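Sequence lines, in order, name chains S and B.
So the first sequence is numbered by my numbering: it starts at 1 and just counts up by one.
So the second sequence is numbered by my numbering: it starts at 116 and just counts up by one.
Yeah, the Cβ is synthetic: ideal placement off N, Cα and C, and Gly gets one too.
Only a predicted model underlies this, so the values are computations on that prediction, with no experimental measurement involved.
Data block below; observations after.
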Amino acid sequence: NAGVTQTPKFQVLKTGQSMTLQCAQDMNHEYMSWYRQDPGMGLRLIHYSVGAGITDQGEVPNGYNVSRSTTEDFPLRLLSAAPSQTSVYFCASSSAGSEANYGYTFGSGTRLTVV
Amino acid sequence: GEDVEQSLFLSVREGDSSVINCTYTDSSSTYLYWYKQEPGAGLQLLTYIFSNMDMKQDQRLTVLLNKKDKHLSLRIADTQTGDSAIYFCAVGKLIFGQGTELSVKP
């Protein structure tokens, strides 16, 4: 049982480049989300999805796009990378949305550096 | 908006109890959570408490909830070096605190 798989684990981008962070889960979870983790700031929600075809913005959505064409996959796209997007990105999934999310499972993270 | 606050660092000696505190502003949360993050890893759910409970105990972990003061705490009894990690408080639709880095010295 793989859980939540994120790729790549590490990435270095030049300013202005675009890329997609991949997230896949094999638990048939409806709810998926992307967070970024920065020192001293905890985790901040970027985008989330409550099911295939449905996405919504979180606290810090600017500069990021998402889509949810299947239940399993929830890729995060950086349109034009900026140094401020240097961070560790986590994908998470749950079998229930809203607050009943004690089944949340996190991926191991993608460490992104933008130079 | 919703806010969750934690102190950033806590250092204890092995065998002592650790108490990690969290304050929050969202009083409508049904569940409140504690997550643990070990170095280089993702977050792992440690425990959670329903908002209608005052206390929950799970082996070495005790969660205390004071709804009136909007204060949540996590007590780890007999802290071990393997407990060294960052601990996150989370409420509502997973609004996280900044994380408390627990350092356990032998």
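For L123/B, the residues of chain S that pass the 9 Å Cβ criterion are G40, in the order they occur in the chain. Contacts with chain S at 8 Å (Cβ-Cβ) do not include G130/B.
If you ignore the 5 residues before and after V88/S, its C-beta comes within less than 6 Å of the C-beta of Q37, G109 and R111, all in its own chain and listed in chain order.
Within the model, the alpha-carbon separation for L189/B versus S49/S is close to 30 Å. Using a CB distance cut-off of 8 Å, S108/S counts as an interface residue toward chain B. At a cut-off of 8 Å, the C-beta of G157/B has a neighbouring C-beta in chain S.
Contact check between the stretch 190 to 207 of chain B and the stretch 151 to 165 of chain B: three or more CB pairs, one atom from each, fall below 8 Å, which counts as touching.
The C-alpha of G53/S lies about 49 Å from the C-alpha of K220/B. The stretch 38 to 45 of chain S makes no contact with the stretch 128 to 139 of chain B: fewer than 3 CB pairs, one atom from each, lie closer than 8 Å.
Straight-line spacing of the CA atoms in G16/S and S80/S works out to 4 Å.
Beta-carbon to beta-carbon, Q121/B and Q213/B are separated by about 5 Å, close enough to satisfy the 8 Å threshold. At a C-beta separation below 9 Å, Q195/B has no neighbours in chain S, since its nearest C-beta there lies roughly 23 Å away. Taking 8 Å as the threshold, the shortest C-beta distance from F74/S to chain B does not fall below it. The beta carbon of Q213/B sits closer than 8 Å to some beta carbon of chain S. DSSP places Q85/S within a helical segment (H, G or I) once states are collapsed to three. Contact of F90/S with chain B by beta-carbon distance below 9 Å involves G157 and L158.
In this structure, the straight-line span from the alpha carbon of A92/S to that of H29/S is close to 10 Å. By the C-beta density criterion, T105/S is buried, having at least 16 other C-beta atoms within 10 angstroms.
The straight-line gap separating the alpha-carbon atoms of L45/S and D56/S is approximately 11 Å.
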